[in-house]
Amino acid sequence: MPFCLALNSSQFAATTRCKTHLCPIAHLRCRSFTVKFCANVAGESDMAASTVRVAAAQMTSINDLAANFATCSRLTKEAAAAGAKLLCLPESFSFIGAKDGDSVKVAEPLDGPIMQQYCSLARESGIWLSLGGFQERGCDDAHLRNTHVIIDDSGNIRDIYRKIFLFDVDVPGGRVYKESSFTEAGKDIVAVDSPAGRLGLSVCYDLRFPELYQQLRFQKEAQILLVPAAFTKITGQAHWEILLRARAIETQCYVIAAAQAGKHNDKRESHGEALIIDPWGAVVGRLPDRLSTGITVADIDFALIDSVRAKIPIAQQRKPIDFWKSSSL
1 MPFCLALNSS QFAATTRCKT HLCPIAHLRC RSFTVKFCAN VAGESDMAAS TVRVAAAQMT
61 SINDLAANFA TCSRLTKEAA AAGAKLLCLP ESFSFIGAKD GDSVKVAEPL DGPIMQQYCS
121 LARESGIWLS LGGFQERGCD DAHLRNTHVI IDDSGNIRDI YRKIFLFDVD VPGGRVYKES
181 SFTEAGKDIV AVDSPAGRLG LSVCYDLRFP ELYQQLRFQK EAQILLVPAA FTKITGQAHW
241 EILLRARAIE TQCYVIAAAQ AGKHNDKRES HGEALIIDPW GAVVGRLPDR LSTGITVADI
301 DFALIDSVRA KIPIAQQRKP IDFWKSSSL
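Each residue of the sequence shown is one higher than the last, beginning at 1 in the UniProt record's numbering.
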């Protein structure tokens, strides 16, 4: 498996937080209001590191919270043992229901017991976790939020992103999905600093909307794009790697794509193929078996990001939105 040296020049800005929450949340956004929780970050150190190793997980979640946590725990320990500073888990890592409505029933707030387990796991393992696609309780009993949660190695929630683009699709040769029937769409574009650089957050179906990743790169200054997913078998076979490599090339960012894999139940099957892609579009991490449970590991090379961006300076060559508004069609 190819590895590269990493040079991370980013500095992590400490967040002011209080001591009252075991699993604190920096900023919880819910439509028209903001709730702030805080945690103690006294003594937080400079996040710069010469080499940054990351890992992407592949697993087959089922309708058993304890079994899924056991799998995530094992993968986290494997990633930590491999020297990874960040492990990315896929969408719906904690639960995939066997029946429609099951996910809404298990949805919890971000300070609930399910997320507390994962905060403790990150703290005990000494690793940052990207938890892509947690069933966060919505604003009513009939809805949840598909929430990407970033937890640091002290067990604190650093930031969250709620999936903007919901999977309302009639899959050719497959079934009809309507995520919007039980999920509230997010509105905020989120990037967060980490030991592995500046992370741009997304979830699964977001991958088909390049404008989100353009915003993450050019407005939020992301260096790594996270795409936790549960791509269907049919759409994954056709589009998964192509779209991921396109997002990497057009943003000149690393892409880390954790994936659900295989049969979850009689109705649902995921494509698999966890990938790590560099800013030139080359795959630098891939799980050998598309249906297995495991991790793929790669070293992030920030010098490569700088080199690609310097040689092909698209950030300076992009046209402002006013140019397109005024141009003739």
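Yeah, the Cβ is synthetic: ideal placement off N, Cα and C, and Gly gets one too.
Note to self: Check for me: the alpha helix (DSSP H) holding Gln117 runs from which residue to which?
What the structure shows: The count along the sequence shown starts at 1 and reaches residue 117 at position 117. Looking at the DSSP string, the run of the alpha helix (DSSP H) that includes Gln117 is 113-125.
Worksheet item: Is residue 413 near Leu287, with beta carbons less than 8 angstroms apart?
Response: In the structure displayed, the chain extends from 1 to 329; residue 413 sits before or after that span and is not available.
ask   = Among the residues of its own chain, which have a CB less than 6 angstroms from the CB of Arg145, if the five just before and after it don't count?
value = The sequence position of residue 145 within the sequence shown is 145, counting from 1. If we look at Arg145 and ignore the five residues flanking it on each side, its Cβ neighbours are Glu136, Gly138, Arg162, Glu184.
| Measuring CA to CA, which of Ser73, Asp141, Leu110, Gly186 is closest to Phe134? | As a first step, residue 134 must be located in the sequence shown, where it is residue number 134. Selected option, being the one with the closest Cα: Leu110.
* Does DSSP classify Val284 as helix, strand or coil? -> Reading the sequence shown from its first residue, position 284 is the one you call residue 284. The answer is strand: DSSP assigns Val284 an E or B state.
Exercise. Would you call the segment 260-274 and the segment 90-106 touching, i.e. three or more CB-CB distances under 8 angstroms?
Worked result: yes
Quiz item: Roughly how far, in whole angstroms, is the beta-carbon of Phe69 from the beta-carbon of Gln116, given that I think they are within contact range, below 8 angstroms?
Solution: What you label residue 69 is simply residue 69 of the sequence shown in a count that begins at 1. What you label residue 116 is simply residue 116 of the sequence shown in a count that begins at 1. Between Gln116 and Phe69 the Cβ distance is about 11 angstroms, and since that is not below 8 angstroms, they are no contact.
Near Gly285, what residues of its chain come up, given a Cβ to Cβ distance below 7 angstroms and the 5 sequence neighbours on each side ignored?
-> Locating residue 285 in the sequence shown gives position 285, where the first residue counts as 1. Within the same chain, Met1, Ala56, Leu275, Ile276, Thr296, Val297, Ala298 come within 7 angstroms of Gly285 by CB-CB distance, once the 5 residues on both sides are set aside.
| On the premise that His148 lies in contact with Pro228, defined as a C-beta separation below 8 angstroms, what is that separation, rounded to the nearest angstrom? | Within the sequence shown, the letter at position 228 stands for residue 228. Within the sequence shown, the letter at position 148 stands for residue 148. The Cβ separation is near 6 angstroms, so the contact holds.
Do the CB positions of Ala80 and Ile114 come within less than 8 angstroms of each other?
-> Residue numbering aside, residue 80 sits at position 80 when the sequence shown is read from its first letter. Residue numbering aside, residue 114 sits at position 114 when the sequence shown is read from its first letter. Not a contact, by the Cβ cut-off of 8 angstroms.
#### Entry: Reduced DSSP secondary structure (H/G/I, E/B, other) of Ser73
Position 73 of the sequence shown, counting from 1, holds the residue named residue 73. For Ser73, the three-state secondary structure derived from DSSP is helix.
So which of Asp168, Pro195, Ala248 has the shortest CA-CA distance to Arg217?
The count along the sequence shown starts at 1 and reaches residue 217 at position 217. For Arg217, the closest alpha carbon among the candidates Asp168, Pro195, Ala248 is that of Ala248.
In the structure shown, what three-state DSSP assignment does Thr293 receive?
-> The residue labelled residue 293 in the question sits at position 293 within the sequence shown. Correct three-state label for Thr293: coil.
For my contact list, Lys77 and Ser125 are in at a C-beta cut-off of 8 angstroms; report their separation, rounded to the angstrom.
-> Position 77 of the sequence shown, counted from the start, is the residue given in the question as residue 77. Position 125 of the sequence shown, counted from the start, is the residue given in the question as residue 125. With 8 angstroms as the limit, Lys77 and Ser125 qualify as a contact, their Cβ atoms being about 6 angstroms apart.
In whole angstroms, what separates the C-alpha of Phe323 from that of Lys220?
-> What you label residue 323 is simply residue 323 of the sequence shown in a count that begins at 1. What you label residue 220 is simply residue 220 of the sequence shown in a count that begins at 1. Straight-line Cα distance between these residues: approximately 21 angstroms.
Just verifying my parser: in three-state terms, what is the DSSP assignment at His271?
For the purposes of this step, residue 271 is identified with residue 271 of the sequence shown, where counting begins at 1. Strand, per DSSP.
- request: Rounded to whole angstroms, what's the CA-CA distance from Gly281 to Ala246? Just pull it up for me.
  value: Reading the sequence shown from its first residue, position 281 is the one you call residue 281. Reading the sequence shown from its first residue, position 246 is the one you call residue 246. Rounded to the nearest angstrom, the two C-alpha atoms are 7 angstroms apart.
Among Gln223, Val308, Gly101, Ile234, nearest to Asp141 - alpha-carbon criterion: Here residue 141 refers to the residue found at position 141 when the sequence shown is read from its first residue. Checked all of Gln223, Val308, Gly101, Ile234; the closest Cα to Asp141 is Gly101.
* Collapsed DSSP secondary structure at Arg247 in the structure displayed -> Locating residue 247 in the sequence shown gives position 247, counting from the first residue. Residue state, collapsed to three classes: helix.
Note to self: So, at 7 angstroms on beta carbons, what are the nonlocal neighbours of Ala222 in its own chain, with the 5 sequence-adjacent residues on each side left out?
What the structure shows: As a position in the sequence shown, residue 222 is number 222, starting the count at 1. For Ala222, where only same-chain residues beyond five positions count, the Cβ hits under 7 angstroms are Ala191, Arg198, Leu199, Gly200, Leu216, Cys253.
message = Assuming Ser326 is part of the alpha helix (DSSP H), what are its boundary residues?
response = Stepping through the sequence shown from its first residue, residue 326 is reached at position 326. Counted as a single uninterrupted DSSP element, the alpha helix (DSSP H) harbouring Ser326 occupies residues 321-326.
Give the range of the beta strand (DSSP E) segment to which Tyr205 is assigned.
-> Counted from its first residue, the sequence shown places residue 205 at position 205. Neither: Tyr205 is in no beta strand (DSSP E) and is coded neither H nor E.
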